[in-house]
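In the numbering used here, the protein residues as written are -19 to 340.
Single-structure report; data block below.
What follows is the structure, given as C-alpha coordinates:
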(Lines of atoms letter the chains of each structure in order from A and count residues from 1; the text may use other names and numbers.)
(Lines give C-alpha, C1' and ligand atoms only; values in the text may rest on other atoms or scores of the structure.)
Protein backbone atom coordinates (compact mmCIF):
# COMPACT_ATOMS: atom_id res chain seq x y z
CA UNK A 1 0.00 0.00 0.00
CA UNK A 2 1.18 3.52 -0.79
CA UNK A 3 0.84 4.77 2.78
CA UNK A 4 2.97 1.91 4.05
CA UNK A 5 5.72 2.32 1.50
CA UNK A 6 9.23 2.07 2.84
CA UNK A 7 11.81 4.77 3.32
CA UNK A 8 14.22 3.04 0.96
CA UNK A 9 13.85 5.76 -1.67
CA UNK A 10 14.59 8.44 0.91
CA UNK A 11 17.81 6.89 2.15
CA UNK A 12 18.86 6.00 -1.38
CA UNK A 13 18.32 9.43 -2.89
CA UNK A 14 20.74 10.40 -5.67
CA UNK A 15 24.12 11.57 -4.53
CA UNK A 16 23.71 14.57 -6.83
CA UNK A 17 22.01 16.26 -3.87
CA UNK A 18 25.36 16.58 -2.09
CA UNK A 19 26.95 19.92 -2.98
CA UNK A 20 30.12 21.72 -2.01
CA UNK A 21 28.50 23.10 1.15
CA UNK A 22 28.35 19.69 2.79
CA UNK A 23 30.48 19.27 5.90
CA UNK A 24 32.39 16.03 5.41
CA UNK A 25 34.04 14.07 8.21
CA UNK A 26 37.76 13.50 7.80
CA UNK A 27 38.35 11.49 4.62
CA UNK A 28 40.69 8.69 5.58
CA UNK A 29 41.08 7.00 2.23
CA UNK A 30 43.48 7.79 -0.58
CA UNK A 31 42.89 10.61 -3.01
CA UNK A 32 40.86 9.44 -6.00
CA UNK A 33 41.55 10.94 -9.41
CA UNK A 34 39.53 10.55 -12.61
CA UNK A 35 41.01 8.10 -15.05
CA UNK A 36 40.16 6.35 -18.27
CA UNK A 37 37.64 3.54 -17.84
CA UNK A 38 38.98 0.06 -18.34
CA UNK A 39 37.66 -3.46 -18.29
CA UNK A 40 38.17 -5.09 -14.92
CA UNK A 41 35.20 -7.39 -14.22
CA UNK A 42 36.84 -10.65 -15.18
CA UNK A 43 40.00 -9.95 -13.20
CA UNK A 44 38.00 -8.63 -10.25
CA UNK A 45 35.71 -11.65 -10.20
CA UNK A 46 38.63 -14.07 -10.16
CA UNK A 47 40.47 -12.11 -7.48
CA UNK A 48 37.35 -11.85 -5.34
CA UNK A 49 36.69 -15.59 -5.51
CA UNK A 50 40.30 -16.30 -4.53
CA UNK A 51 40.06 -13.88 -1.61
CA UNK A 52 36.84 -15.41 -0.29
CA UNK A 53 38.14 -18.96 -0.68
CA UNK A 54 41.32 -18.06 1.20
CA UNK A 55 39.34 -16.37 3.97
CA UNK A 56 37.07 -19.39 4.41
CA UNK A 57 39.66 -22.05 3.72
CA UNK A 58 37.35 -23.82 1.29
CA UNK A 59 36.43 -23.73 -2.42
CA UNK A 60 33.29 -21.95 -3.58
CA UNK A 61 30.55 -23.07 -5.90
CA UNK A 62 30.00 -20.91 -8.95
CA UNK A 63 28.44 -18.61 -9.91
CA UNK A 64 27.39 -16.55 -6.89
CA UNK A 65 23.82 -15.45 -6.28
CA UNK A 66 23.22 -11.71 -6.69
CA UNK A 67 21.19 -10.58 -3.69
CA UNK A 68 20.88 -6.93 -4.74
CA UNK A 69 22.78 -4.06 -6.28
CA UNK A 70 24.09 -1.07 -4.35
CA UNK A 71 22.73 2.39 -4.95
CA UNK A 72 24.08 4.60 -7.76
CA UNK A 73 26.35 1.98 -9.30
CA UNK A 74 28.48 1.38 -6.22
CA UNK A 75 28.55 -2.39 -6.52
CA UNK A 76 26.48 -5.37 -5.46
CA UNK A 77 25.77 -7.81 -2.68
CA UNK A 78 26.50 -11.47 -3.47
CA UNK A 79 25.85 -14.77 -1.75
CA UNK A 80 28.57 -17.38 -2.21
CA UNK A 81 28.08 -21.03 -1.34
CA UNK A 82 30.96 -23.23 -0.22
CA UNK A 83 31.47 -26.84 -1.23
CA UNK A 84 32.44 -28.28 2.11
CA UNK A 85 33.07 -25.66 4.77
CA UNK A 86 31.12 -24.25 7.65
CA UNK A 87 29.54 -21.82 7.08
CA UNK A 88 27.94 -23.16 3.92
CA UNK A 89 27.24 -19.66 2.61
CA UNK A 90 28.52 -16.12 3.09
CA UNK A 91 27.50 -12.66 1.98
CA UNK A 92 29.99 -10.52 0.09
CA UNK A 93 29.46 -6.79 -0.18
CA UNK A 94 31.45 -5.88 -3.28
CA UNK A 95 31.76 -2.10 -3.33
CA UNK A 96 33.00 -0.57 -6.57
CA UNK A 97 33.81 3.11 -6.45
CA UNK A 98 32.65 4.56 -9.78
CA UNK A 99 35.27 6.08 -12.01
CA UNK A 100 35.65 9.78 -12.85
CA UNK A 101 33.91 10.94 -9.66
CA UNK A 102 37.01 11.71 -7.66
CA UNK A 103 36.39 15.40 -7.16
CA UNK A 104 32.69 14.96 -6.34
CA UNK A 105 32.01 15.45 -2.63
CA UNK A 106 29.02 13.15 -2.80
CA UNK A 107 31.35 10.44 -4.06
CA UNK A 108 33.82 11.09 -1.26
CA UNK A 109 31.02 10.88 1.29
CA UNK A 110 29.85 7.58 -0.18
CA UNK A 111 33.40 6.23 -0.02
CA UNK A 112 33.56 7.37 3.59
CA UNK A 113 30.23 5.70 4.38
CA UNK A 114 31.57 2.30 3.35
CA UNK A 115 34.72 2.89 5.40
CA UNK A 116 32.43 3.69 8.34
CA UNK A 117 30.56 0.44 7.80
CA UNK A 118 33.80 -1.54 7.80
CA UNK A 119 34.95 0.22 10.98
CA UNK A 120 31.66 -0.57 12.68
CA UNK A 121 31.93 -4.27 11.92
CA UNK A 122 35.59 -4.41 12.89
CA UNK A 123 35.54 -2.36 16.10
CA UNK A 124 32.01 -1.85 17.41
CA UNK A 125 29.74 -4.74 16.43
CA UNK A 126 31.23 -6.99 19.09
CA UNK A 127 29.78 -4.83 21.87
CA UNK A 128 26.17 -5.34 20.82
CA UNK A 129 26.07 -8.58 18.82
CA UNK A 130 24.88 -10.74 21.72
CA UNK A 131 21.73 -8.69 22.32
CA UNK A 132 21.29 -6.73 19.07
CA UNK A 133 22.18 -9.22 16.37
CA UNK A 134 24.31 -8.07 13.44
CA UNK A 135 26.36 -10.08 10.93
CA UNK A 136 29.91 -11.01 11.83
CA UNK A 137 32.62 -9.63 9.57
CA UNK A 138 34.67 -12.62 8.39
CA UNK A 139 37.18 -10.79 6.21
CA UNK A 140 37.71 -7.43 4.50
CA UNK A 141 40.06 -6.14 1.84
CA UNK A 142 40.64 -2.97 -0.11
CA UNK A 143 41.66 -3.78 -3.69
CA UNK A 144 42.37 -0.64 -5.69
CA UNK A 145 39.00 0.98 -6.27
CA UNK A 146 37.03 -1.83 -4.67
CA UNK A 147 36.25 -2.73 -1.08
CA UNK A 148 35.21 -6.29 -0.22
CA UNK A 149 33.37 -7.17 2.97
CA UNK A 150 32.84 -10.88 3.61
CA UNK A 151 29.99 -11.19 6.08
CA UNK A 152 28.12 -13.90 7.90
CA UNK A 153 25.00 -14.91 5.98
CA UNK A 154 22.40 -13.70 8.44
CA UNK A 155 19.66 -15.70 6.67
CA UNK A 156 21.56 -18.93 7.26
CA UNK A 157 22.23 -17.86 10.85
CA UNK A 158 18.51 -18.11 11.63
CA UNK A 159 17.08 -14.82 10.37
CA UNK A 160 15.57 -15.62 6.94
CA UNK A 161 12.39 -13.63 7.44
CA UNK A 162 11.65 -10.23 5.90
CA UNK A 163 9.53 -8.08 8.24
CA UNK A 164 6.30 -6.60 6.92
CA UNK A 165 4.90 -3.24 7.94
CA UNK A 166 1.71 -2.97 9.94
CA UNK A 167 2.26 -5.97 12.23
CA UNK A 168 2.47 -5.51 15.99
CA UNK A 169 5.06 -8.27 16.46
CA UNK A 170 7.27 -6.71 13.80
CA UNK A 171 7.14 -3.26 15.38
CA UNK A 172 7.84 -4.70 18.82
CA UNK A 173 10.82 -6.73 17.59
CA UNK A 174 12.31 -3.71 15.85
CA UNK A 175 11.98 -1.54 18.93
CA UNK A 176 13.54 -4.26 21.08
CA UNK A 177 16.50 -4.49 18.72
CA UNK A 178 16.98 -0.72 18.80
CA UNK A 179 16.74 -0.65 22.59
CA UNK A 180 19.39 -3.37 22.90
CA UNK A 181 21.66 -1.61 20.41
CA UNK A 182 21.33 1.79 22.06
CA UNK A 183 21.86 0.37 25.54
CA UNK A 184 24.98 -1.53 24.47
CA UNK A 185 26.55 1.62 23.03
CA UNK A 186 25.31 4.24 25.49
CA UNK A 187 28.10 6.74 26.14
CA UNK A 188 30.39 5.23 23.52
CA UNK A 189 32.54 7.61 21.46
CA UNK A 190 31.95 7.07 17.72
CA UNK A 191 35.64 7.06 16.77
CA UNK A 192 35.95 6.25 13.07
CA UNK A 193 32.19 6.46 12.58
CA UNK A 194 30.05 9.47 11.71
CA UNK A 195 30.15 12.03 14.48
CA UNK A 196 26.41 12.44 13.95
CA UNK A 197 24.71 9.30 12.71
CA UNK A 198 21.83 9.17 10.16
CA UNK A 199 21.68 10.22 6.54
CA UNK A 200 19.23 13.09 7.00
CA UNK A 201 20.65 15.33 9.75
CA UNK A 202 20.90 19.00 8.91
CA UNK A 203 24.65 19.14 8.34
CA UNK A 204 24.39 16.70 5.44
CA UNK A 205 21.32 18.19 3.75
CA UNK A 206 21.96 21.86 2.89
CA UNK A 207 20.13 21.69 -0.44
CA UNK A 208 16.97 20.28 1.13
CA UNK A 209 17.16 22.95 3.83
CA UNK A 210 17.45 25.76 1.30
CA UNK A 211 14.54 24.38 -0.69
CA UNK A 212 12.12 24.93 2.21
CA UNK A 213 12.97 28.62 2.58
CA UNK A 214 9.83 30.36 3.81
CA UNK A 215 8.51 27.28 5.61
CA UNK A 216 8.48 27.47 9.44
CA UNK A 217 10.85 24.51 9.60
CA UNK A 218 13.49 26.44 7.68
CA UNK A 219 13.93 28.72 10.68
CA UNK A 220 13.39 25.97 13.24
CA UNK A 221 15.87 23.54 11.69
CA UNK A 222 19.09 24.85 13.31
CA UNK A 223 17.51 24.79 16.76
CA UNK A 224 16.14 21.26 16.27
CA UNK A 225 19.59 20.15 15.16
CA UNK A 226 21.24 21.88 18.13
CA UNK A 227 18.95 20.15 20.61
CA UNK A 228 19.64 16.72 19.16
CA UNK A 229 23.39 17.27 19.01
CA UNK A 230 23.74 18.69 22.52
CA UNK A 231 21.91 15.93 24.31
CA UNK A 232 23.70 14.78 27.43
CA UNK A 233 22.95 11.09 26.89
CA UNK A 234 24.25 9.92 23.53
CA UNK A 235 24.76 6.50 22.06
CA UNK A 236 25.40 5.01 18.65
CA UNK A 237 22.47 5.15 16.25
CA UNK A 238 22.03 2.79 13.32
CA UNK A 239 21.29 5.75 11.09
CA UNK A 240 18.99 4.01 8.59
CA UNK A 241 16.80 1.53 10.53
CA UNK A 242 14.02 1.07 8.00
CA UNK A 243 12.26 -2.29 7.86
CA UNK A 244 14.25 -3.34 4.78
CA UNK A 245 17.41 -3.25 6.86
CA UNK A 246 16.12 -5.88 9.28
CA UNK A 247 15.90 -9.65 8.96
CA UNK A 248 13.84 -11.77 11.32
CA UNK A 249 13.45 -15.20 12.77
CA UNK A 250 10.45 -17.18 11.56
CA UNK A 251 7.73 -17.96 14.05
CA UNK A 252 5.92 -16.29 16.94
CA UNK A 253 7.71 -13.44 18.75
CA UNK A 254 10.58 -13.29 16.24
CA UNK A 255 13.85 -11.57 17.06
CA UNK A 256 15.48 -9.20 14.60
CA UNK A 257 18.95 -8.84 13.14
CA UNK A 258 20.06 -5.65 11.38
CA UNK A 259 22.26 -4.95 8.37
CA UNK A 260 23.57 -1.89 6.47
CA UNK A 261 25.66 0.25 8.80
CA UNK A 262 26.84 2.96 6.41
CA UNK A 263 25.31 5.75 8.48
CA UNK A 264 26.03 4.53 11.99
CA UNK A 265 27.34 7.20 14.33
CA UNK A 266 26.68 9.25 17.42
CA UNK A 267 23.24 10.46 18.41
CA UNK A 268 20.19 10.05 20.59
CA UNK A 269 18.28 6.79 20.45
CA UNK A 270 14.97 8.38 19.52
CA UNK A 271 16.42 9.55 16.20
CA UNK A 272 16.42 5.86 15.19
CA UNK A 273 13.16 5.12 16.96
CA UNK A 274 10.95 7.68 15.23
CA UNK A 275 12.42 6.79 11.84
CA UNK A 276 11.79 3.08 12.40
CA UNK A 277 8.23 3.67 13.59
CA UNK A 278 7.56 5.80 10.53
CA UNK A 279 8.62 2.90 8.31
CA UNK A 280 6.70 0.26 10.26
CA UNK A 281 3.19 1.67 10.64
CA UNK A 282 0.72 3.61 8.52
CA UNK A 283 0.91 7.42 8.75
CA UNK A 284 -2.76 7.33 9.70
CA UNK A 285 -1.88 5.32 12.83
CA UNK A 286 1.04 7.39 14.08
CA UNK A 287 -0.78 9.81 16.38
CA UNK A 288 -2.79 7.03 18.04
CA UNK A 289 0.02 4.46 18.29
CA UNK A 290 3.14 6.54 18.95
CA UNK A 291 2.68 6.99 22.74
CA UNK A 292 2.31 3.23 23.22
CA UNK A 293 5.23 2.43 20.93
CA UNK A 294 7.50 4.87 22.74
CA UNK A 295 6.53 3.19 26.01
CA UNK A 296 7.39 -0.19 24.47
CA UNK A 297 10.80 1.12 23.44
CA UNK A 298 11.60 2.67 26.81
CA UNK A 299 10.51 -0.45 28.69
CA UNK A 300 12.86 -2.49 26.51
CA UNK A 301 15.63 0.08 27.00
CA UNK A 302 15.16 -0.08 30.77
CA UNK A 303 15.47 -3.88 30.73
CA UNK A 304 18.68 -3.66 28.73
CA UNK A 305 20.21 -0.94 30.90
CA UNK A 306 19.21 -2.72 34.09
CA UNK A 307 20.96 -5.86 32.84
CA UNK A 308 24.09 -3.73 32.43
CA UNK A 309 23.88 -2.50 36.02
CA UNK A 310 22.40 0.95 35.48
CA UNK A 311 20.68 2.54 38.48
CA UNK A 312 17.06 3.66 38.50
CA UNK A 313 18.20 7.27 38.54
CA UNK A 314 20.43 6.77 35.50
CA UNK A 315 17.69 5.05 33.55
CA UNK A 316 15.19 7.78 34.44
CA UNK A 317 17.57 10.49 33.25
CA UNK A 318 18.05 8.84 29.87
CA UNK A 319 14.34 8.26 29.37
CA UNK A 320 13.37 11.79 30.42
CA UNK A 321 15.82 13.41 28.01
CA UNK A 322 15.04 11.14 25.08
CA UNK A 323 11.26 11.38 25.55
CA UNK A 324 11.56 15.15 25.40
CA UNK A 325 13.62 14.85 22.20
CA UNK A 326 11.27 12.42 20.43
CA UNK A 327 9.08 15.16 18.88
CA UNK A 328 12.23 17.09 18.00
CA UNK A 329 13.59 14.05 16.17
CA UNK A 330 10.29 13.54 14.36
CA UNK A 331 10.20 17.14 13.16
CA UNK A 332 13.85 16.94 12.15
CA UNK A 333 13.14 14.04 9.81
CA UNK A 334 10.04 15.81 8.53
CA UNK A 335 12.26 18.80 7.72
CA UNK A 336 14.34 16.55 5.48
CA UNK A 337 11.35 14.98 3.71
CA UNK A 338 9.85 18.40 3.03
CA UNK A 339 12.99 19.41 1.20
CA UNK A 340 13.59 16.10 -0.54
CA UNK A 341 10.06 15.10 -1.55
CA UNK A 342 7.30 17.57 -0.60
CA UNK A 343 4.61 15.28 -2.02
CA UNK A 344 5.78 12.40 0.16
CA UNK A 345 5.93 14.66 3.22
CA UNK A 346 2.26 15.55 2.80
CA UNK A 347 1.32 12.10 4.11
CA UNK A 348 2.91 12.87 7.50
CA UNK A 349 -0.16 14.39 9.12
CA UNK A 350 1.26 13.81 12.58
CA UNK A 351 4.32 15.96 11.85
CA UNK A 352 2.12 18.73 10.50
CA UNK A 353 0.05 18.74 13.67
CA UNK A 354 3.18 18.52 15.81
CA UNK A 355 4.67 21.54 14.07
CA UNK A 356 1.59 23.63 14.84
CA UNK A 357 2.00 22.77 18.53
CA UNK A 358 5.77 23.04 18.69
CA UNK A 359 7.53 25.83 20.55
CA UNK A 360 11.22 26.39 21.16
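Note that beta-carbon positions come from the ideal geometry of N, C-alpha and C, so glycine has one too.
Determine which residues share a DSSP beta bridge with residue i and list them.
i	result
residue 100	BP columns for residue 100 are empty, so no partner.
residue 237	113, 227
residue 122	127
residue 215	247
residue 368	Nothing can be reported for residue 368, as the shown portion of the chain is limited to -19 through 340.
residue 174	245
residue 132	70
Could you tell me which of the options sits nearest to residue i, measuring between CA atoms?
i	options	result
residue 53	206, 337, 79, 259	79
residue 261	163, 108, 149	149
residue 55	129, 282, 273, 328	129
residue 254	221, 109, 230	221
residue 323	227, 266, 192, 279	192
residue 286	63, 32, 166	166
residue 98	108, 111, 84, 116	116
residue 77	160, 89, 102	89
residue 304	146, 315, 174, 275	275
residue 161	96, 125, 280, 187	280
residue 259	114, 152, 70	152
residue 64	87, 45, 111, 38	38
residue 184	338, 273, 319, 25	319
residue 109	232, 236, 331	236
residue 306	239, 257, 180, 47	257
residue 178	270, 205, 288, 199	205
residue 333	297, 203, 227, 196	196
residue 314	302, 299, 67, 331	331
residue 302	277, 103, 272, 269	277
residue 96	33, 240, 48, 198	240
Please report the Cβ distance between residue i and residue j, rounded to the nearest whole angstrom; I am assuming they are in contact, meaning their Cβ atoms lie under 8 Å.
i	j	result
residue 131	residue 118	6 Å
residue 163	residue 284	3 Å
residue 207	residue 308	5 Å
residue 140	residue 230	6 Å
residue 27	residue 123	6 Å
residue 194	residue 216	The Cβ separation is near 36 Å, so there is no contact.
residue 329	residue 311	No, residue 329 and residue 311 are not in contact; Cβ-Cβ is about 13 Å, not under 8 Å.
residue 248	residue 214	6 Å
residue 75	residue 59	The Cβ separation is near 16 Å, so there is no contact.
residue 114	residue 264	Contact flag wrong, Cβ pair sits at about 32 Å.
residue 182	residue 202	7 Å
residue 176	residue 209	6 Å
residue 338	residue 180	At roughly 18 Å, the Cβ-Cβ gap does not stay under 8 Å, so residue 338 and residue 180 are not in contact.
On the three-state DSSP scale, how would you describe residue i?
i	result
residue 336	helix
residue 291	coil
residue 75	strand
residue 46	strand
residue 331	helix
residue 311	helix
residue 56	strand
residue 40	strand
residue 86	helix
residue 154	helix
residue 319	helix
residue 183	helix
residue 141	strand
residue 202	helix
residue 6	For residue 6, the predicted structure reports a pLDDT of 33, less than 50, and the residue's modelled location is therefore unreliable. The matter cannot be settled from this model.
residue 283	helix
residue 326	coil
residue 108	coil
Short of 7 Å in beta carbon distance, which residues of its chain neighbour residue i, apart from the five on each side in sequence? Order them along the chain.
i	result
residue 29	40
residue 93	242, 243
residue 19	With a pLDDT of 39 at residue 19, under the threshold of 50, the modelled position of this residue cannot be trusted, and the question is left open.
residue 6	Low per-residue confidence applies at residue 6: pLDDT is 33, beneath 50, and the placement is therefore not dependable, though the value from the model is reported in the following sentence. Nothing listed; no residue qualifies.
residue 121	31, 128
residue 103	172
Could you name the residues of the same chain whose beta carbon sits closer than 6 Å to that of residue i, not counting the 5 residues immediately before and after it, in chain order?
i	result
residue 190	none
residue 73	57, 129
residue 101	117
residue 252	158, 217, 218, 221
residue 227	134, 139, 237
residue 45	59
Going along the chain, which residues of its own chain have a beta-carbon closer than 8 Å to the beta-carbon of residue i, five neighbours each way excluded?
i	result
residue 62	36, 38, 39, 40, 41, 68, 69, 70
residue 146	-16, 260, 261, 262
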